[in-house]
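This note's numbering puts the sequence shown at residues 19 to 342.
We treat Cβ as the ideally placed atom computed from N, Cα and C, and that holds for glycine.
Just so we're clear, the structure is a prediction, and the values are computed from it rather than from any experiment.
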Amino acid sequence: MPAIINAQSEASSLWVSVAVAARRLGIAPATLRTWDRRYGLGPSQREGGSHRRYSVVDLARLDYMAALIRSGSSPAQAAATALSRTFTPEECAPIASRPATVIGGGAALGRVGGGNVVATPGGDRRVRGLAKSASAIDQTACASIISESLHDIGVIPTWEELLMPVLKSIGEMWELRECGIEVEHVLSTAVQVELSAFSFKTATQASRGTVLLGALAGDDHQLPLWAVGAALAEQGIRFVHLGGGLPLESLSDVISRIGPSGVFLWSQLQGSADADRLDGLPSLRPNPRIVIGGPGWRNAPPRGVHVADSLGGAVALMSEIIAD
Numbered sequence: 019m020p021a022i023i024n025a026q027s028e029a030s031s032l033w034v035s036v037a038v039a040a041r042r043l044g045i046a047p048a049t050l051r052t053w054d055r056r057y058g059l060g061p062s063q064r065e066g067g068s069h070r071r072y073s074v075v076d077l078a079r080l081d082y083m084a085a086l087i088r089s090g091s092s093p094a095q096a097a098a099t100a101l102s103r104t105f106t107p108e109e110c111a112p113i114a115s116r117p118a119t120v121i122g123g124g125a126a127l128g129r130v131g132g133g134n135v136v137a138t139p140g141g142d143r144r145v146r147g148l149a150k151s152a153s154a155i156d157q158t159a160c161a162s163i164i165s166e167s168l169h170d171i172g173v174i175p176t177w178e179e180l181l182m183p184v185l186k187s188i189g190e191m192w193e194l195r196e197c198g199i200e201v202e203h204v205l206s207t208a209v210q211v212e213l214s215a216f217s218f219k220t221a222t223q224a225s226r227g228t229v230l231l232g233a234l235a236g237d238d239h240q241l242p243l244w245a246v247g248a249a250l251a252e253q254g255i256r257f258v259h260l261g262g263g264l265p266l267e268s269l270s271d272v273i274s275r276i277g278p279s280g281v282f283l284w285s286q287l288q289g290s291a292d293a294d295r296l297d298g299l300p301s302l303r304p305n306p307r308i309v310i311g312g313p314g315w316r317n318a319p320p321r322g323v324h325v326a327d328s329l330g331g332a333v334a335l336m337s338e339i340i341a342d
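Below, the structure written as structure tokens:
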């Protein structure tokens, strides 16, 4: 049985300030202070005055709360769930070694006409236009901007330079003010529709290999899967989108039936997917390349399983094996 870490039994001497915690988590310091004040998810070490230090367990708990919020939970629900959990050393290790992220001022938030407005300081014309359209609940305009970008600059630049900045800003608005979920839903639907439309239109010309895309049981996040599918189709690689909440047994069955060139599996929620279980996937000749991505994987992947740290990395790994 794995050892359990809690706030009373420290497994690491790592203690960091709110500023360092914010950089490591990619969350604004103001958000961390709000979560401490409202929900009790603060630093374990509190000294006199303003000296407060976060442990590695504190960081893992906050990271888990942020993942739950991104998945659609309210901050209050996410906080209650995070506080009720214990964290193993294996779950805490990645956050302890994660490099710090440079954080700007976060999403600037405003209100226009009583609505939730997402501001994106430093964003280009498309980024500003997409944020404005999503804030105005104009799904048609969102779809038009996304479609234009996909055809003008391609899938990976659209994902990294347009979609991710706006989605991140909306997520920060939700974390800070507990509002804007309707904005996220409007944009997420437009993103999925346009990525899938681009994928299937482009896939008619795809002729190389076949890659299975899915998220295992317990995780229904599909936007990254659609992004990978669109990028593969753009490279002339066929894909089969199996969706989220996929039982491992069903994935094994599909692998045995069609003998894919590769398999890409996404996990968003921290600790929601066990990489060890991938060792049970069927063996074929030749074996498909297994690639995993996302922050939700726990335990080291089995030998032969590759880890992608970006959309471009996932596509490159698949293109490499199919080219071979």
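* To do: Quick one: measure Cβ to Cβ for A98 and R79, integer angstroms, because I've assumed they're closer than 8 Å.
  => No, A98 and R79 are not in contact; Cβ-Cβ is about 12 Å, not under 8 Å.
* Quick one: residues in its chain with C-beta nearer than 6 Å to the C-beta of P265, no 5 flanking neighbours on either side, listed in chain order? => A235
* Asked: Going along the chain, which residues of its own chain have a beta-carbon closer than 8 Å to the beta-carbon of L86, five neighbours each way excluded?
  -> Q95, A96, T99, A100, L287
* Closest Cα partner of L213 within the set H259, L230, G227, P183 -> H259
* Asked: Given a threshold of 16 other Cβ atoms within 10 Å of its Cβ, counted over all protein chains shown, does E109 qualify as buried or as exposed?
  -> Of the residues assessed, E109 falls on the buried side of the cut-off, its CB having 16 or more other CB atoms within 10 angstroms.
* To do: Please say whether I339 and V325 have beta carbons closer to each other than 8 Å?
  => no
* **Residues near T119 by beta carbon distance below 6 Å, same chain, minus five either side** => The pLDDT assigned to T119 is 44, lower than 50, so where the model puts this residue is not dependable; a value taken from the coordinates is nonetheless given after this. Around T119: R41, G44.
* Alpha carbon to alpha carbon, how far is D81 from I155? Give it in angstroms, no decimals. => 29 Å
* Are the region 289-307 and the region 202-222 touching, with three or more C-beta to C-beta distances below 8 Å? -> no
* Between S270 and P300, what straight-line distance do the alpha-carbon atoms span, to the nearest angstrom? -> 6 Å
* To do: Please report how far the alpha carbon of D327 lies from the alpha carbon of A245, in whole angstroms.
  => D327 and A245: Cα-Cα distance of roughly 14 Å.
* Determine the direct distance from the alpha carbon of R70 to that of V173, and round the result to whole angstroms. => 43 Å
* Measure the C-alpha to C-alpha separation of V36 and D170 and round it to an integer number of angstroms. => 41 Å
* Of the residues V323, S206, M191, which one's Cα is nearest the Cα of L181? -> Its Cα nearest to that of L181, the residue S206 stands out among V323, S206, M191.
* **CB of S279 within 8 Å of CB of P306, strictly** => Closer than 8 Å, so yes.
* State the DSSP-derived secondary structure class of G123, mapped to helix, strand or coil. => A caution first: G123 carries a pLDDT of 35, below 50, which makes its placement in the model too unreliable to give a value.
* With burial defined as no fewer than 16 other Cβ atoms inside 10 Å of the residue's Cβ, what is the status of S337: buried or exposed? -> When all chains shown are included, S337 counts as buried.
* Under the three-state DSSP convention, the category G280 falls into -> strand
* To do: Determine the closest residue to R103 out of M83, I113, S92, with distance taken between C-alpha atoms.
  => M83
* Same chain, Cβ closer than 6 Å to V281, neighbours up to 5 away in sequence not counted -> L230, P306, I308, listed in sequence order.
* Report the rounded CA-to-CA distance for A318 versus G331, giving the unit in angstroms. => 18 Å
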